[in-house]
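Q: Chains as they are written, first to last, in this note's numbering: chain A, 17 to 230; chain B, 17 to 230.
Where a beta carbon is used, it is the ideal one built from N, C-alpha and C, also for glycine.
There are 2 protein chains.
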Amino acid sequence: MEKEKTDKKDHILDAAEKVFAEHGYDGASTRMISGEAGVNMAMLSYYFGSKEGVFLAIFERRIAAFQATLLSINNDESLGAWDKLMQFVDRYLDKVINNNCFHIMLNREISKPKKTELTDKITSIVMKNVHVFHQIIEDGVKSGAFSKEADKELLVATMFGTKNYIVNTPHLSSAILGYDVMEAKNQDEKLKPRLKTYMKNLLRAYLMNENDNK
Amino acid sequence: MEKEKTDKKDHILDAAEKVFAEHGYDGASTRMISGEAGVNMAMLSYYFGSKEGVFLAIFERRIAAFQATLLSINNDESLGAWDKLMQFVDRYLDKVINNNCFHIMLNREISKPKKTELTDKITSIVMKNVHVFHQIIEDGVKSGAFSKEADKELLVATMFGTKNYIVNTPHLSSAILGYDVMEAKNQDEKLKPRLKTYMKNLLRAYLMNENDNK
DNA sequence: CCAAATTAATCAATCGCTTGATTAATTTTG
DNA sequence: CAAAATTAATCAAGCGATTGATTAATTTGG
Numbered sequence: 017m018e019k020e021k022t023d024k025k026d027h028i029l030d031a032a033e034k035v036f037a038e039h040g041y042d043g044a045s046t047r048m049i050s051g052e053a054g055v056n057m058a059m060l061s062y063y064f065g066s067k068e069g070v071f072l073a074i075f076e077r078r079i080a081a082f083q084a085t086l087l088s089i090n091n092d093e094s095l096g097a098w099d100k101l102m103q104f105v106d107r108y109l110d111k112v113i114n115n116n117c118f119h120i121m122l123n124r125e126i127s128k129p130k131k132t133e134l135t136d137k138i139t140s141i142v143m144k145n146v147h148v149f150h151q152i153i154e155d156g157v158k159s160g161a162f163s164k165e166a167d168k169e170l171l172v173a174t175m176f177g178t179k180n181y182i183v184n185t186p187h188l189s190s191a192i193l194g195y196d197v198m199e200a201k202n203q204d205e206k207l208k209p210r211l212k213t214y215m216k217n218l219l220r221a222y223l224m225n226e227n228d229n230k
Numbered sequence: 017m018e019k020e021k022t023d024k025k026d027h028i029l030d031a032a033e034k035v036f037a038e039h040g041y042d043g044a045s046t047r048m049i050s051g052e053a054g055v056n057m058a059m060l061s062y063y064f065g066s067k068e069g070v071f072l073a074i075f076e077r078r079i080a081a082f083q084a085t086l087l088s089i090n091n092d093e094s095l096g097a098w099d100k101l102m103q104f105v106d107r108y109l110d111k112v113i114n115n116n117c118f119h120i121m122l123n124r125e126i127s128k129p130k131k132t133e134l135t136d137k138i139t140s141i142v143m144k145n146v147h148v149f150h151q152i153i154e155d156g157v158k159s160g161a162f163s164k165e166a167d168k169e170l171l172v173a174t175m176f177g178t179k180n181y182i183v184n185t186p187h188l189s190s191a192i193l194g195y196d197v198m199e200a201k202n203q204d205e206k207l208k209p210r211l212k213t214y215m216k217n218l219l220r221a222y223l224m225n226e227n228d229n230k
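Written out as structure tokens, the structure reads:
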């Protein structure tokens, strides 16, 4: 059955994602990854060619689904700027909180000052998300729904940066919020609704500011 | 001269900070660090005991000055809540943009899901900054200057998260902003003033919102 | 339908290399 | 000259990757 083959590859990638998120690329050894996955070390090379191949496969796996989600929001012509923005916030936050291992990996990678083929690739992918967000804000400004003085570029940094701070520094944000943000129950019942509400209020206050942001 | 000794140690730490920021703890080898500093590999052990010793020394070096800056703002009783907050934003952003290598290191370290002695130590240090920010907001709420409905905890995430996004993902934020955020000239002339203005506007819009953040 | 042939999956063992650390020898300094 | 600073040489350990052998699964041929 070719289904089992895919399942096993996915199983290895799940384990690798966890180990990479925990130890970083260099800190994660192929022995750790194969151990976590419960397979022989040689299977990594067999399926993915190399350690780097495993790493890249993790990114490729997550990206397709993500892009689809993103575009489906932006292409919905029935929505106004504000509703579109709210949709984006909701679905984006859901996704990144659910896949926080992956986003820790991703963020570590684009935090490298040195340009590499991988950082370039990831940067251009992330830029697509940025552009969607950008576009929504810009359309809203043009339609008069949002304040003209809004700094769109830095608002992107706030949107993604706030999320990163909560999702990628779990010990710190757990200390700040007073509960374990890694626990699935807390994520669903406490973190997600609160973060969504907050983000919406923040965006509304800034984008619909009567007294211009001079 | 003991001064030269200190200078040499500082020189090594400068080099190490750069290499650690670029490659991460595991990706940075002692040979890279000694090469960057232009000293023999054994000097790292001679001065700092071990690779980990070098790493810890970098943190210890940066922390003292940082704490002092922080407290001097909070203890100034002559300032109202809003002015205090503005002072905090100004001086905090100046510091982290100037020491961005260090903050890339710091952030990578607290992004690790697994608790270690080091992540615990760093977390508790960062929490001091958080508490200062927290306290300023809380005082402002009590005095009636800020909206009661403000989510103080998540506002912390926005403040530090926005900064992180700009400072720690230089390629991405350069692509977003349209200029190289790593260049000192751009940092001083473009990035700092813009980020400060934006941050202040954002905080004002959210904290001084007339229509309550229901 | 079943046995032979072929392919896919898995394994332990090991390769060459780099790592962080230490040593003993040498140079510099006061 | 003695102490401190610096060096080159060396070490065991761990790294990613590959190997050849073995087993499991699938396809083929009579």
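Please name the residue in A:Lys144, A:Thr135, A:Phe118 whose C-alpha comes closest to that of glutamate 90 (chain A).
A: Residue 90 (chain A) sits at position 74 when you count from the first residue of the first sequence. Reading the sequence as shown, one finds asparagine at residue 90 (chain A) and not glutamate. Of the listed residues, the one whose Cα sits closest to asparagine 90 (chain A) is A:Lys144.
Q: Less than 8 Å between the CB atoms is what I'm expecting for leucine 86 (chain B) and valine 146 (chain B), so what's the real figure, rounded?
A: Counting from one through the second sequence, the residue named residue 86 (chain B) turns up at place 70. Counting from one through the second sequence, the residue named residue 146 (chain B) turns up at place 130. Leucine 86 (chain B) to valine 146 (chain B), Cβ: 11 Å. No contact.
Q: Between the alpha carbons of alanine 191 (chain A) and cysteine 117 (chain B), how many angstroms are there, rounded?
A: The residue given as residue 191 (chain A) occupies position 175 in the first sequence. The residue given as residue 117 (chain B) occupies position 101 in the second sequence. About 25 Å.
Q: Is phenylalanine 176 (chain B) close to chain A, meaning its C-beta is less than 7 Å from at least one C-beta of that chain?
A: Within the second sequence, residue 176 (chain B) is the residue found at index 160, counting from 1. Yes - at least one Cβ of chain A is within 7 Å of the one on phenylalanine 176 (chain B).
Q: Buried or exposed: glutamate 33 (chain B), going by 16 or more other Cβ atoms within 10 Å of its Cβ?
A: Indexing the second sequence from 1 puts residue 33 (chain B) at position 17. Looking at its Cβ environment, which holds 16 or more other Cβ atoms inside 10 Å, glutamate 33 (chain B) is buried.
Q: Is leucine 109 (chain A) closer than 7 Å to leucine 171 (chain A) when the C-beta atoms are compared?
A: Numbered from 1 along the first sequence, position 155 holds the residue referred to as residue 171 (chain A). Numbered from 1 along the first sequence, position 93 holds the residue referred to as residue 109 (chain A). No. Outside cutoff.
Q: Tell me whether the segment 165-182 of chain A and the segment 168-184 of chain B touch, counting them as touching only if at least three CB pairs, one residue from each stretch, are closer than 8 Å.
A: Yes: the two stretches touch, three or more of their Cβ pairs being nearer than 8 Å.
Q: If you follow the alpha helix (DSSP H) that serine 50 (chain A) is in, where does it begin and where does it stop?
A: Translated into positions along the first sequence, residue 50 (chain A) becomes position 34. Residues 46-53.
Q: Of all the options B:Ile152, B:His119, B:Ser163, which has the alpha carbon lying nearest to the alpha carbon of valine 142 (chain B)?
A: As a first step, residue 142 (chain B) is located in the second sequence; it is residue number 126 there, counting from the start. Ranking the options by Cα distance to valine 142 (chain B), first place goes to B:His119.
Q: Which residues in chain A have a C-beta closer than 7 Å to the C-beta of proline 209 (chain B)? List them in chain order.
A: The residue labelled residue 209 (chain B) in the question sits at position 193 within the second sequence. Within 7 Å Cβ-Cβ: nothing; proline 209 (chain B) doesn't reach chain A, min ~12 Å.
Q: Within 10 angstroms of its Cβ, does glycine 160 (chain B) collect 16 or more other Cβ (buried), or is it exposed?
A: On the second sequence, position 144 is the one that residue 160 (chain B) refers to. So glycine 160 (chain B) ends up on the exposed side.
Q: Evaluate tyrosine 62 (chain B) with the Cβ neighbour count: other Cβ atoms within 10 Å of its Cβ, from every protein chain shown; 16 or more gives buried, anything less gives exposed.
A: Looking up residue 62 (chain B) in the second sequence gives position 46. Exposed, by the Cβ-count rule.
Q: For the segment 186-205 of chain B against the segment 182-191 of chain A, are there 3 or more C-beta pairs whose distance is under 8 Å?
A: No: fewer than three Cβ pairs fall under 8 Å.
Q: So tyrosine 214 (chain A) contacts chain B; which residues on that side make the cut at Cβ distance below 7 Å?
A: For the purposes of this step, residue 214 (chain A) is taken as the residue at position 198 of the first sequence. Those are Asp167, Leu170, listed as they occur along chain B.
Q: Just the chain B side, please: which residues come within less than 7 Å of threonine 185 (chain A) by C-beta, in chain order?
A: In the first sequence, residue 185 (chain A) corresponds to position 169, counting from 1. Here the neighbours are Ile126, Ser127.
Q: Can you look up glutamate 20 (chain B) in the DSSP assignment and give me helix, strand or coil?
A: As a working mapping, residue 20 (chain B) is identified with position 4 in the second sequence. Confidence at glutamate 20 (chain B) is low in this model, with a pLDDT of 42, below 50, so its placement is unreliable and no value can be given for it.
Q: Could you check which residue in B:Asn202, B:Ser163, B:Tyr195, B:Glu199 has the C-alpha nearest to that of asparagine 225 (chain B)?
A: Taking the second sequence and counting its residues from 1, one reaches residue 225 (chain B) at position 209. Minimum Cα distance to asparagine 225 (chain B) is reached at B:Ser163.
Q: Decide if aspartate 167 (chain B) is buried, meaning its Cβ has at least 16 other Cβ atoms within 10 Å, or exposed.
A: Your numbering for residue 167 (chain B) matches position 151 in the second sequence. With 16 or more Cβ atoms within 10 Å of its Cβ, aspartate 167 (chain B) is classed as buried.
Q: Report back the beta-carbon spacing between glycine 40 (chain B) and glycine 40 (chain A) to the nearest angstrom; my notes put them in contact at under 8 Å.
A: On the second sequence, residue 40 (chain B) is found 24 positions in, with the first residue counted as 1. On the first sequence, residue 40 (chain A) is found 24 positions in, with the first residue counted as 1. Rounded, the Cβ-Cβ distance is 5 Å, consistent with contact.
Q: Is the segment 193-213 of chain B touching the segment 199-213 of chain A in the sense that three or more CB pairs, one from each, lie closer than 8 Å?
A: No: the two stretches stay apart, fewer than three of their Cβ pairs being nearer than 8 Å.
Q: Within 7 Å (strictly less), CB to CB, does isoleucine 49 (chain B) reach chain A?
A: If you number the second sequence from 1, residue 49 (chain B) lands on position 33. Chain A contact via Cβ: absent.
Q: List, from N- to C-terminal side, the beta strand (DSSP E) runs of 3 residues or more that fit wholly inside the segment 126-153 of chain B.
A: Those beta strand (DSSP E) runs which fall completely within the segment 126-153 of chain B and span 3+ residues do not exist here.
Q: Kindly indicate if chain B contains any beta-carbon less than 7 Å away from that of valine 35 (chain A).
A: Taking the first residue of the first sequence as position 1, residue 35 (chain A) is located at position 19. Valine 35 (chain A) does not count as touching chain B.
Q: Quick one: using the 10 Å Cβ neighbour count with 16 as the cut-off for buried, is arginine 78 (chain A) buried or exposed?
A: Counting from one through the first sequence, the residue named residue 78 (chain A) turns up at place 62. By the 10 Å Cβ count, arginine 78 (chain A) comes out buried.
Q: With 9 Å as the limit, tell me which residues of the segment 127-159 of chain A have their beta carbon closer than that to any beta carbon of chain B; keep them in chain order.
A: Within the segment 127-159 of chain A, the residues whose Cβ lies closer than 9 Å to some Cβ of chain B are Ser127, Lys128, Pro129, Lys130, Lys131, Thr135, Asp136, Ile138, Thr139, Ser140, Val142, Met143, Val146, His150, listed in chain order.
Q: Comparing C-alpha positions only, which one of B:Met59, B:Pro129, B:Glu169, B:Leu223 sits nearest to glutamate 199 (chain A)?
A: The sequence position of residue 199 (chain A) within the first sequence is 183, counting from 1. Looking at the Cα atoms, B:Pro129 is the closest of the given residues.
Q: Roughly how many whole angstroms lie between the Cα atoms of methionine 59 (chain B) and leucine 134 (chain A)?
A: Walking along the second sequence from the start, residue 59 (chain B) turns up at place 43. Walking along the first sequence from the start, residue 134 (chain A) turns up at place 118. One C-alpha to the other measures close to 34 Å.
Q: So is threonine 132 (chain B) buried or exposed if we call it buried at 16+ other beta carbons inside 10 Å?
A: For the purposes of this step, residue 132 (chain B) is identified with residue 116 of the second sequence, where counting begins at 1. By the 10 Å Cβ count, threonine 132 (chain B) comes out exposed.
Q: Could you tell me whether any Cβ in chain B is nearer than 7 Å to the Cβ of aspartate 42 (chain A)?
A: Against the first sequence, residue 42 (chain A) aligns to sequence position 26. Yes, because at least one Cβ of chain B sits closer than 7 Å to the Cβ of aspartate 42 (chain A).
Q: State yes or no: is the beta carbon of glutamate 52 (chain A) nearer than 7 Å to at least one beta carbon in chain B?
A: Translated into positions along the first sequence, residue 52 (chain A) becomes position 36. False, the Cβ-Cβ gap to chain B never drops below 7 Å.
Q: Leaving out the 5 sequence neighbours to the left and right, which residues in its chain are closer than 6 Å to methionine 121 (chain B) when beta-carbon positions are compared?
A: What you label residue 121 (chain B) is simply residue 105 of the second sequence in a count that begins at 1. Once the five neighbours on either side are set aside, the close Cβ partners of methionine 121 (chain B) are Phe36, Ala37.
Q: For leucine 207 (chain A), report the span of its alpha helix (DSSP H) as first-last.
A: On the first sequence, position 191 is the one that residue 207 (chain A) refers to. Unbroken run through leucine 207 (chain A): none, as it is neither H nor E.
Q: How many angstroms separate the CA atom of isoleucine 49 (chain B) from the CA atom of lysine 67 (chain B)?
A: Against the second sequence, residue 49 (chain B) aligns to sequence position 33. Against the second sequence, residue 67 (chain B) aligns to sequence position 51. If I take the Cα positions, the gap works out to 9 Å.
Q: From the beta carbon of leucine 3 (chain B), is the nearest beta carbon of chain A less than 7 Å away?
A: This structure leaves residue 3 (chain B) out entirely; chain B is present only between 17 and 230.
Q: Name the two residues that bound the continuous alpha helix (DSSP H) containing serine 190 (chain B).
A: Against the second sequence, residue 190 (chain B) aligns to sequence position 174. 186-193 is the extent of the alpha helix (DSSP H) around serine 190 (chain B).
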